[in-house]
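Input: a single structure, listed below in structure tokens.
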Amino acid sequence: MPMIQLVAKDMVAQHISNVMWAFARCKIDVGASESLFETLAERAFLLADAFTSQGIANIFGASGKLHRSGAPVSPFWDVLPILTEVAVQRADAMTAQHIANTLWGIA
186 MPMIQLVAKD
196 MVAQHISNVM
206 WAFARCKIDV
216 GASESLFETL
226 AERAFLLADA
236 FTSQGIANIF
246 GASGKLHRSG
256 APVSPFWDVL
266 PILTEVAVQR
276 ADAMTAQHIA
286 NTLWGIA
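Just so we're aligned, residue 186 is where the sequence shown starts under this note's numbering, counting upward by one.
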């Protein structure tokens, strides 16, 4: 994961949600990558308004799945309230799947 760490500080919103989704989907053990999560969370905070409804759903879904697997996603807990506000603003654009993934991640 060193390559991801190198580019994480320059990622756009879609890249962040894709990386989070991939970590969760592949069940990657990210326990040793707290600094990567911190970098991704910092970028997500700065780019919160740039996330699409699918990107928000990916972040919430991935955070929930990683949390349930015991992975440290604590840096993202600070970003999720902001992304919740963005999700509410984009509610009209969210599909049923986006809403389900977002709610599952919150649960």
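Ideal placement from N, C-alpha and C gives every residue a C-beta, glycine not left out.
{"query": "Cβ atoms of S218 and I244: under 7 Å apart, would you say?", "result": "no"}
{"query": "For H252 and F261, what's the separation of their Cα atoms in angstroms?", "result": "10 Å"}
{"query": "Can you check which of these residues, A207, L225 and L231, is closest to Q190 by C-alpha distance?", "result": "L225"}
{"query": "What residue from K194, V197, Q282 and I291 has the CA that sits closest to G249's CA?", "result": "I291"}
{"query": "Can you confirm whether R210, when its beta carbon is compared against all beta carbons of chain C, has any partner nearer than 7 Å?", "result": "Of the chains in the structure shown, none is chain C; there is only one protein chain."}
{"query": "Could you tell me which of Q282, F230 and H283 sits nearest to L268, measuring between CA atoms?", "result": "F230"}
{"query": "Do V271 and A233 have their beta-carbon atoms positioned less than 7 Å apart in this structure?", "result": "yes"}
{"query": "Going by the beta-carbon positions, is the gap between A247 and W206 smaller than 7 Å?", "result": "yes"}
{"query": "For V264, count neighbouring Cβ atoms within 10 angstroms of its own Cβ and tell me buried if that reaches 16, exposed if not.", "result": "buried"}
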